[in-house]
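Q: Protein chains in written order, with this note's numbering: chain A, 1 to 256; chain B, 1001 to 1333.
For glycine and all other residues, C-beta sits at the position ideal for the given N, C-alpha and C.
1. Starting from the beta carbon of residue 40 (chain A), find every residue of chain B whose beta carbon is closer than 8 Å, and list them in chain order.
2. Give the C-beta separation of residue 1160 (chain B) and residue 1249 (chain B) to the nearest angstrom, bearing in mind that I take them to be a contact with Cβ-Cβ under 8 Å.
3. Given residue 1156 (chain B), which residues of its chain have a CB within under 7 Å of its CB, disregarding the five upstream and five downstream residues?
4. Is there at least one Cβ from chain A nearer than 8 Å to residue 1085 (chain B)'s Cβ?
5. Would you call residue 164 (chain A) buried or exposed, if buried means 16 or more other Cβ atoms sit within 10 Å of its Cβ?
6. Which residues, in order along the region 1210 to 1223 of chain B, keep a beta-carbon less than 7 Å from a beta-carbon of chain A?
7. Ignore the nearest five residues each way along the sequence and tell me which others in residue 1205 (chain B)'s own chain have a CB closer than 6 Å to its CB.
8. Compute the distance between the beta-carbons of residue 1201 (chain B) and residue 1125 (chain B), then report whether it is under 8 Å.
9. So, for residue 1312 (chain B): in the same chain, excluding its five sequence neighbours on each side, which residues have a beta-carbon less than 7 Å away from its beta-carbon?
10. Quick one: does residue 74 (chain A) have its CB under 8 Å from some CB of chain B?
11. Is it the case that the Cβ atoms of residue 257 (chain A) and residue 76 (chain A) are separated by a distance below 8 Å?
12. Do residue 1100 (chain B) and residue 1134 (chain B) have their CB atoms nearer than 8 Å?
13. Using DSSP with H/G/I as helix, E/B as strand and the rest coil, what is residue 1033 (chain B)?
14. So, does the region 1266 to 1275 of chain B touch the region 1030 to 1044 of chain B, judging by three or more C-beta pairs under 8 Å?
15. Looking at the C-beta of residue 90 (chain A), does it have a partner C-beta in chain B at a distance below 8 Å?
16. Cβ closer than 8 Å: which chain B residues qualify as neighbours of residue 85 (chain A)?
17. With distances taken between CB atoms, is the gap from residue 98 (chain A) to residue 154 (chain A) smaller than 8 Å?
18. How do the region 32 to 42 of chain A and the region 203 to 213 of chain A stand: do at least 3 beta-carbon pairs fall below 8 Å, yes or no?
19. What separation, rounded to the nearest whole angstrom, lies between the Cα atoms of residue 137 (chain A) and residue 1232 (chain B)?
20. Show which residues of chain A have a CB atom less than 7 Å away from the CB atom of residue 1232 (chain B).
21. Spell out a yes or no on whether the region 217 to 226 of chain A and the region 53 to 72 of chain A are touching, meaning 3 or more CB-CB pairs, one atom from each, closer than 8 Å.
22. To the nearest angstrom, report how far apart residue 1034 (chain B) and residue 1066 (chain B) are at their CA atoms.
23. At the 8 Å Cβ level, is residue 1284 (chain B) part of the contact set with chain A, yes or no?
24. Under a Cβ-count criterion, where at least 16 other Cβ atoms within 10 Å of its own Cβ denotes burial, should residue 204 (chain A) be classed as buried or exposed?
25. Would residue 1266 (chain B) be called buried (16 or more neighbouring beta carbons within 10 Å of its own) or exposed?
26. Please classify residue 1291 (chain B): is it buried, with 16 or more other beta-carbons within 10 angstroms of its beta-carbon, or exposed?
27. Which value, in whole angstroms, describes the spacing of the CA atoms of residue 1235 (chain B) and residue 1228 (chain B)?
28. Measure how close the beta-carbons of residue 192 (chain A) and residue 25 (chain A) come, nearest whole angstrom, since I'm counting them as under 8 Å.
29. Taking 8 Å as the threshold (C-beta atoms), are residue 1288 (chain B) and residue 1254 (chain B) in contact?
30. Residues of chain B with CB under 8 Å from residue 46 (chain A), in chain order?
31. Of all the options B:1142, B:1154, B:1122, B:1207, which has the alpha carbon lying nearest to the alpha carbon of residue 1240 (chain B)?
32. Which one of B:1302, B:1138, B:1083 has the shortest CA to CA distance from residue 1335 (chain B)?
Written out as structure tokens, the structure is:
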């Protein structure tokens, strides 16, 4: 499924969080959504997922207006991972991950063997086997974040739209989570991830969309994210180098 | 959910069986000693013997209502707690029970209840319906959870104020006593026609709430995630408001205000369903049926006359449970 934003604006009251954004997203690629705080990243990813109503313009799924797609079908096609999510009730890890199968289940029906297999795959991918019987309250912040990633993986949708999926993770688990998202791309899914770590963005993404003030400032391959662009948008001096043939970006000092 | 898979059907079956057993006990317990089996024989053969009348006119409606009202309160409490994601929500949080109580008081006050017997429950149902309409008017179609709670609290206090006003203005102290006693909740002297009036409303309410189980599970992870999983939250909120209006409104209309069952029963049972709000619904309904029926048996067995009001007993039993809950939560914090 193709996701497009066409001249999209989203408002919160009088404030325009996203202004006239047009994008064309194809599956099979990893897209990093980057930009300073307040740039509109969360609003844009929510709008792409069909969770924020456009004030102007529209979201298109395979060329048709997103609101025309039935909710349950959209839920099977697009998995959404909220920023810093939590569970209101102390459900066990396995039960939380199984919530990702809800779009595939009929009312009152139990988990099918296909559902159970998808839950197992997600638990294994996020290395949560040992935690399956625990509740989120018994886990560390990073483990909790992995449970929520696994919940989104369990949907096994065409798209995974993830809002800051690695923000709470230590370096090892950041790298593992990024590899996990790349794995989704390998199986043909599309991934859009809001990222703050520019090195992870440059190394793992096929395409970067840089937002500022609700507008797209840059949309292109990671190589296009030069030190000059970062200085202009983030107001930060960075070291941009290479290690083993891959780029890294190291924020060094505030400018001005 | 997985993890608790095989236990859940067994738990539901056990609680359902327990509900039916206490209902049977309820039929056998009463102030007059009657041979229930002989009375049943008379009733089935359409012989108007005194025991048969006592069974059909008094014991049976009381037992059915105990079960149905307990089920309504337990289920609505679980549904509201799941919707508001708050363990302290009770079935009346959206204003329904206050509205129903006021409607019944109006039926009392106007003297309509003295003219025909069903005026009281009809007044209660009308009050509950008005409260739901007011909620819709105040909160608006696309209402968020917070707006819904605030509008519900407003309606509840306004209905409470109107009820007090009616008591205040009552020219007849005897009527004040009668209204106050009625408000404390009881199942004594209820008739089969009251069952026929309220039970169908409750059943529709149950169906609305029980069909929301999956959406409540999804809501565990927050509103955005639930929406992304394919659930229409605006529709869900109004479905649950309508469901609890029907079930709780009809309950209050026929039995008065019975507190604590809808608040406490979901808490007690939550650990047994792995804290999954969807599975809690049915279990909590049966749990409420058991608790309320046992309380109603207890008021008949206790050597006090006039018998204790049901709402008083459930509050007396419920408060210590709530206290232990507070204690446990304090330990966690």
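A: According to the data block:
1. Locating residue 40 (chain A) in the first chain gives position 40, counting from the first residue. Near residue 40 (chain A) there are no residues of chain B at all, since even the closest Cβ is about 16 Å away, more than 8 Å.
2. As a first step, residue 1160 (chain B) must be located in the second chain, where it is residue number 160. As a first step, residue 1249 (chain B) must be located in the second chain, where it is residue number 249. 16 Å between Cβ atoms; not a contact.
3. As a working mapping, residue 1156 (chain B) is identified with position 156 in the second chain. Around residue 1156 (chain B): 1092, 1095, 1098.
4. As a working note, residue 1085 (chain B) is residue 85 in the second chain. Chain A, which has a Cβ nearer than 8 Å to the Cβ of residue 1085 (chain B), makes this yes.
5. Within the first chain, residue 164 (chain A) is the residue found at index 164, counting from 1. Buried is the call here.
6. 1211, 1214, 1217, 1218, 1220, 1221, 1222
7. On the second chain, position 205 is the one that residue 1205 (chain B) refers to. Closer than 6 Å at the Cβ level, and outside the excluded window around residue 1205 (chain B), lie 1243, 1246, 1247.
8. Locating residue 1201 (chain B) in the second chain gives position 201, where the first residue counts as 1. Locating residue 1125 (chain B) in the second chain gives position 125, where the first residue counts as 1. Contact flag set, yes.
9. Stepping through the second chain from its first residue, residue 1312 (chain B) is reached at position 312. Excluding sequence neighbours, residue 1312 (chain B) sits near 1184.
10. Counting from 1 along the first chain, the entry for residue 74 (chain A) is found at position 74. Taking Cβ atoms only, chain B reaches closer than 8 Å to residue 74 (chain A), which makes this a yes.
11. Residue coverage of chain A in this structure runs from 1 to 256, which leaves residue 257 (chain A) outside it and unanswerable.
12. Locating residue 1100 (chain B) in the second chain gives position 100, counting from the first residue. Locating residue 1134 (chain B) in the second chain gives position 134, counting from the first residue. Contact: no.
13. On the second chain, residue 1033 (chain B) is found 33 positions in, with the first residue counted as 1. In this structure, residue 1033 (chain B) counts as coil in the three-state DSSP scheme.
14. They do not touch, by the three-pair rule.
15. Counting from one through the first chain, the residue named residue 90 (chain A) turns up at place 90. Yes, its Cβ sits closer than 8 Å to a Cβ of chain B.
16. By one-based count along the first chain, residue 85 (chain A) stands at place 85. Residues of chain B passing the Cβ test: 1221, 1222, 1225.
17. The count along the first chain starts at 1 and reaches residue 98 (chain A) at position 98. The count along the first chain starts at 1 and reaches residue 154 (chain A) at position 154. Contact: yes.
18. Yes, they touch.
19. The residue labelled residue 137 (chain A) in the question sits at position 137 within the first chain. The residue labelled residue 1232 (chain B) in the question sits at position 232 within the second chain. If I take the Cα positions, the gap works out to 28 Å.
20. The count along the second chain starts at 1 and reaches residue 1232 (chain B) at position 232. The answer, in chain order, is 71.
21. no
22. Here residue 1034 (chain B) refers to the residue found at position 34 of the second chain. Here residue 1066 (chain B) refers to the residue found at position 66 of the second chain. Using only the alpha carbons, I get a separation of about 20 Å.
23. As a position in the second chain, residue 1284 (chain B) is number 284, starting the count at 1. Residue 1284 (chain B) does not count as touching chain A.
24. Here residue 204 (chain A) is taken as the residue at index 204 of the first chain, counted from 1. Residue 204 (chain A) comes out buried.
25. One-based indexing of the second chain puts residue 1266 (chain B) at position 266. Buried, since its Cβ has 16 or more Cβ neighbours within 10 Å.
26. For this step, residue 1291 (chain B) is matched to residue 291 along the second chain. Under this definition residue 1291 (chain B) is a buried residue.
27. Counted from its first residue, the second chain places residue 1235 (chain B) at position 235. Counted from its first residue, the second chain places residue 1228 (chain B) at position 228. The straight-line gap from Cα to Cα measures roughly 15 Å.
28. Position 192 of the first chain, counted from the start, is the residue given in the question as residue 192 (chain A). Position 25 of the first chain, counted from the start, is the residue given in the question as residue 25 (chain A). Going by Cβ atoms, the distance from residue 192 (chain A) to residue 25 (chain A) rounds to 7 Å, so yes, they are a contact pair.
29. Mapped onto the second chain, residue 1254 (chain B) falls at position 254. Mapped onto the second chain, residue 1288 (chain B) falls at position 288. Between residue 1254 (chain B) and residue 1288 (chain B), the C-beta spacing is not below 8 Å.
30. One-based indexing of the first chain puts residue 46 (chain A) at position 46. What residue 46 (chain A) touches in chain B: 1224.
31. By 1-based counting over the second chain, the position of residue 1240 (chain B) is 240. For the residues B:1142, B:1154, B:1122, B:1207, the minimum Cα distance to residue 1240 (chain B) belongs to B:1207.
32. No answer is possible for residue 1335 (chain B): the residues shown for chain B start at 1001 and end at 1333.
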